[in-house]
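Chemist:
Number of protein chains: 2
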Amino acid sequence: MEALPRQTQFLPPTIYDIAREAKVGIGTVSRVFNDHPSVSKEARERVLRVANRLSYRPHPYARGLARKRTNSIMAVIPFFTTFFFMEILQGVQSKLSDLDCDLILFGVNHPDQVEESLRHHAMRSRVDGMLFFSMRIPDSFVAQLLHQRTPPVLVDAYHKQFDSLAVDNRQGAYVATNHLIASGHQRIGMLSANLESIPARERLRGFRTAMEEADLPVDPLLIKNSASPRLDGFTRESGHEVMQRFIHLGKKMPSAIFVSSDIQAAGALDALGESGLKCPQDISIVGFDDIELASHLGLTTMRQPMYEMGVLAAEVLLARLEDPKREPVHTMFVPKLVVRKTSESLDSHRRAACETAA
Amino acid sequence: MEALPRQTQFLPPTIYDIAREAKVGIGTVSRVFNDHPSVSKEARERVLRVANRLSYRPHPYARGLARKRTNSIMAVIPFFTTFFFMEILQGVQSKLSDLDCDLILFGVNHPDQVEESLRHHAMRSRVDGMLFFSMRIPDSFVAQLLHQRTPPVLVDAYHKQFDSLAVDNRQGAYVATNHLIASGHQRIGMLSANLESIPARERLRGFRTAMEEADLPVDPLLIKNSASPRLDGFTRESGHEVMQRFIHLGKKMPSAIFVSSDIQAAGALDALGESGLKCPQDISIVGFDDIELASHLGLTTMRQPMYEMGVLAAEVLLARLEDPKREPVHTMFVPKLVVRKTSESLDSHRRAACETAA
DNA sequence: GTTTGTCTTGGAAGGGCTTCCACAAAATCA
DNA sequence: TGATTTTGTGGAAGCCCTTCCAAGACAAAC
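Protein sequence lines correspond, in order, to chains F and B. What the first sequence shows, in my numbering, is residues 1 to 358, in sequence order. What the second sequence shows, in my numbering, is residues 1001 to 1358, in sequence order.
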């Protein structure tokens, strides 16, 4: 009979509706939607036609339940920062969406919330895998993460037991410094963040290596770092403050400075402006990160391949899901030099003056 | 007997495991986890104790399937922009997470993908509701959106049939312009984006109203707009180009300009710098949006309450889910003036000069 | 003509939860 | 005390899929 409407409210068709209309069994419908080979051409077409007419789509949750996977992954991201993550996320999402996989966003403002996210989502196959951004994984979670079937991938962080992606800070700093050397600078300083931070230390090491390889002196006076605990000194204020200390050097000021991050470089440029100094006329600056602001400031910097990192992060995670017991994979990206005006080559008389000073 | 381990691989406990261990029925366990009133204190405690010991958590997908709702909402967001959305998302996520609801991110780079997102997710209760960011809903989708049980909320956009949140562009422009007037400016110009864009038009209207109310002349020469189709002229390049046209006015240049967006204002400042003009000494600038760059540039601007918008967006969506047939709710936020150095008050002699010029 | 395969096919049995309904026990009332 | 309500409880049915197994259809091989 089926005379009554199924419901006042519209209800999406189920696999049974399709099977009935197409005069096949539910198994066949399911096979069609899972690209299973053994379905006859006629059956497949009939099913597809009906499914299309009723605009049927498999219910993702029912699927997840039956298949024991969810086709979605979670990104745990510290919200306080912006461009860097946004761009990585873009890469992640683009890859995931190719693979018909959902991206669940979990923003944390406080490390404690990481635990919450784990408990909340991962424990119970709400997601298949997780991406942790710029987050140090507390030891207490390591065991938990290893136990559950929801593998993590660390982005911009490292732990030897988990897949990770990061940028080669040392190499980046090396390239940045060499750029200044190649531009003819000899008295080169470094404005560093808090050396508690591993990236800060690595960048300093890269700087040192480049200087040593070029047989340039590494004057301790020309290496200044922030002691600020806030964001490990990766702030505009700290850049401003440290640059003022460089400015106090007066004539002993370096002719170029490698700054350990763009945001600090922004503060440094502020300080220069306040002192009436011009960049690059009076001093060259190279930053690190290539945040959005960098292009607006015309700041030469080391660009992290964020989008690509996002894509790869998704790929690594999916590969891990395929083969849960393979060895952790650690990938290093090498940042690329982006030359802008804060490091424009010195004109000859300036260079001469510079050499005299050195 | 139950001597064999359930599985080599660890399997999360189910409601049946809890029921068995706690010596109650599955119904009771379910009731405990859904805060159903009629459960005795003893039963509740017993269940909770066992659940805790086995670290049981209800399976979200099974729940979704049985309850016919997913406890997750999807945000469709144009990825090309950054700070604005990031901050709104933060508000959304904070609210959702209070309510134990997931945020699924769907980034689109092209309007066509909106359709994909609809087809893909919404049709089949993968999500309960959707948030569309800064996106004009094509008419062809309206019917579809109205039909399905997955209501949309428009953020930074408007359609009379759907809930929406937006910023009052006209009022914001009005406030911005009044700020310049109150600072003593009389020859005030406006640098506008492409007037095809509704926000651009609204901002122009707000400007006009403020000028008229202050009995200041609205000199057509001092209203210049971009004709660029790209992003409706809301670009740095367009700001640069239009500002050059202002600069060509020479002495007839206004003493202050309200620019219809921060990004254009950034371009405008570039142009000023290239011409050797200083801001605010030579001219005051007020932007609109308060993008991250604004604070770096010291740009006075109108700040959109992004985080708050995000929170409200989530609230509106959840309210709509509660009551699907209530009338659409449209909320207007009024942006707040953020005074920075590009509009610092003129010192007296400068103001005098200005009045002479007018 | 019988036997062995190879394709297809239908549908039962899950997957883990919520929601009912029926019923027992305890509390209230007459 | 018995009759009625209230409270708490167990578990079947259902949510919509996937996956498997048994079996039918047909072709090729004996």
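Using N, Cα and C, we set each Cβ at its ideal position, and we do this for glycine too. Keep in mind the model is a prediction, meaning the values are calculated, not measured.
Determine whether the Cβ of Y61/F lies closer than 9 Å to any Cβ atom of chain B.
Modeler: For Y61/F, the answer is yes, since a Cβ of chain B falls inside 9 Å of its Cβ.
Chemist: Assign N1225/B to buried or exposed, taking buried as 16 or more other Cβ atoms, counted over all protein chains shown, within 10 Å of its Cβ.
Modeler: Buried.
Chemist: Would you report the Cα separation of E1087/B and Y1307/B, rounded to the nearest angstrom?
Modeler: Spanning the two alpha carbons is a distance of roughly 5 Å.
Chemist: So if DSSP puts T1331/B in a beta bridge, which residue, or which two residues, is it bridged to?
Modeler: Its beta-bridge partners are L1165/B.
Chemist: When you compare the segment 97-106 of chain F with the segment 33-46 of chain F, are there three or more beta-carbon pairs, one atom per stretch, that lie closer than 8 Å?
Modeler: The segment 97-106 of chain F, when compared against the segment 33-46 of chain F, does not touch it at the 8 Å Cβ threshold.
Chemist: Determine, using beta carbons only, whether L297/F comes closer than 9 Å to chain B.
Modeler: Yes, contact with chain B.
Chemist: List the endpoints of the continuous beta strand (DSSP E) containing G1025/B.
Modeler: First-last for G1025/B: undefined, no H or E at that position.
Chemist: Can you tell me whether G276/F is buried or exposed? The criterion is at least 16 other CB atoms within 10 Å of its CB, across all chains shown.
Modeler: Counting Cβ neighbours within 10 Å, G276/F comes out exposed, since fewer than 16 surround it.
Chemist: So, at 6 Å on beta carbons, what are the nonlocal neighbours of A358/F in its own chain, with the 5 sequence-adjacent residues on each side left out?
Modeler: Note that A358/F scores 39 on pLDDT, short of 50, meaning its location in the model is unreliable; the coordinates nonetheless yield the value given after this. The residues are Q186, R187.
Chemist: With a threshold of 8 Å, are at least 3 pairs of Cβ atoms found where one atom belongs to the segment 227-237 of chain F and the other to the segment 259-272 of chain F?
Modeler: With the cut-off at 8 Å, the segment 227-237 of chain F and the segment 259-272 of chain F touch.
Chemist: Run down chain B in chain order and give the residues with a C-beta less than 7 Å from the C-beta of D102/F.
Modeler: The contacting residues are I1104.
Chemist: How long is the line joining the alpha carbons of A166/F and H1159/B, rounded to whole angstroms?
Modeler: A166/F and H1159/B: Cα-Cα distance of roughly 43 Å.
Chemist: Between G1064/B and chain F, is there a C-beta pair that is closer than 9 Å?
Modeler: Yes, because at least one Cβ of chain F sits closer than 9 Å to the Cβ of G1064/B.
Chemist: Look at the alpha carbon of L54/F and the alpha carbon of P13/F, and state the distance between them as a whole number of angstroms.
Modeler: C-alpha separation (whole angstroms): 7 Å.
Chemist: Taking CB distances under 9 Å as the criterion, tell me whether R136/F reaches chain B.
Modeler: Judged by the 9 Å Cβ criterion, R136/F is not in contact with chain B.
Chemist: Specify the secondary structure class of D270/F as computed by DSSP and reduced to three states.
Modeler: DSSP places D270/F in helix when its eight states are reduced to three.
Chemist: Tell me the residue span of the beta strand (DSSP E) that contains D1102/B.
Modeler: Where D1102/B is concerned, the enclosing beta strand (DSSP E) stretches over 1102-1108.
Chemist: For Y16/F, is the classification buried or exposed, using 16 other Cβ atoms within 10 angstroms of its Cβ as the cut-off for buried?
Modeler: Per the 10 Å Cβ criterion, exposed.
Chemist: How about the segment 1018-1028 of chain B and the segment 332-339 of chain F: do they share at least three Cβ pairs that are nearer than 8 Å?
Modeler: These segments do not touch.
Chemist: Since G107/F meets chain B, which of its residues come closer than 7 Å, beta carbon to beta carbon?
Modeler: Those are Q1090, Q1093, listed as they occur along chain B.
Chemist: Under 7 Å Cβ to Cβ from A210/F, same chain only, skipping five residues before and after it: list those, please.
Modeler: Excluding residues within five positions, the ones whose Cβ falls inside 7 Å are Y174, T177, N178, I181.
Chemist: Pull up the distance between the alpha-carbon of A214/F and that of L317/F, whole angstroms please.
Modeler: In a straight line, the C-alpha of A214/F is about 40 Å away from that of L317/F.
Chemist: Looking only at C-alpha atoms, which of L216/F, V76/F, A193/F sits nearest to R236/F?
Modeler: Here the closest residue by C-alpha is A193/F.
Chemist: Indicate the three-state DSSP secondary structure (helix, strand or coil) for R1201/B in the structure shown.
Modeler: Reduced to three states, the DSSP call for R1201/B is helix.
Chemist: Among the residues of its own chain, which have a CB less than 6 Å from the CB of G1189/B, if the five just before and after it don't count?
Modeler: Within the same chain, G1189/B has close Cβ partners L1222, P1254, I1257.
Chemist: Measuring only the C-alpha atoms, how far is M302/F from G1298/B?
Modeler: Approximately 25 Å between the Cα atoms of the pair.
Chemist: Closer than 8 Å, Cβ to Cβ, to anything on chain B: give me those residues from the segment 241-269 of chain F, in chain order.
Modeler: So the close ones are A266.
Chemist: What residue range does the alpha helix (DSSP H) around A214/F cover?
Modeler: Note, A214/F: premise wrong, no alpha helix (DSSP H); not H, not E.
Chemist: In angstroms, rounded to a whole number, what distance separates the CA positions of A1200/B and D168/F?
Modeler: Cα to Cα, A1200/B sits roughly 44 Å from D168/F.
Chemist: Quick check on the burial criterion: 16 or more other C-beta atoms within 10 angstroms. Buried or exposed for L1011/B?
Modeler: L1011/B comes out exposed.
Chemist: Applying a beta-carbon distance threshold of less than 9 Å, which residues of chain F neighbour L1293/B?
Modeler: Ordered by position in chain F, the residues that pass the 9 Å Cβ test against L1293/B are E292, L293, H296.
Chemist: Cβ of M1243/B within 9 Å of Cβ of A1268/B?
Modeler: The answer is yes: Cβ separation under 9 Å.
Chemist: Residues of chain F with CB closer than 7 Å to the CB of F987/B, please, in chain order.
Modeler: Here chain B covers residues 1001 to 1358 and nothing more, so residue 987/B does not appear.
Chemist: Between G1107/B and F1084/B, which are expected to be in contact by the criterion C-beta below 8 Å, what is the C-beta distance as a whole number of angstroms?
Modeler: Not confirmed; about 14 Å, so no contact.
Chemist: Which residues share a DSSP beta bridge with R303/F?
Modeler: According to DSSP, which records beta bridges pairwise, R303/F is partnered with D289/F, K336/F.
Chemist: When DSSP builds the beta bridges, which residues end up paired with V155/F?
Modeler: In the DSSP output, where bridge partners are listed per residue, V155/F has F133/F, L165/F.
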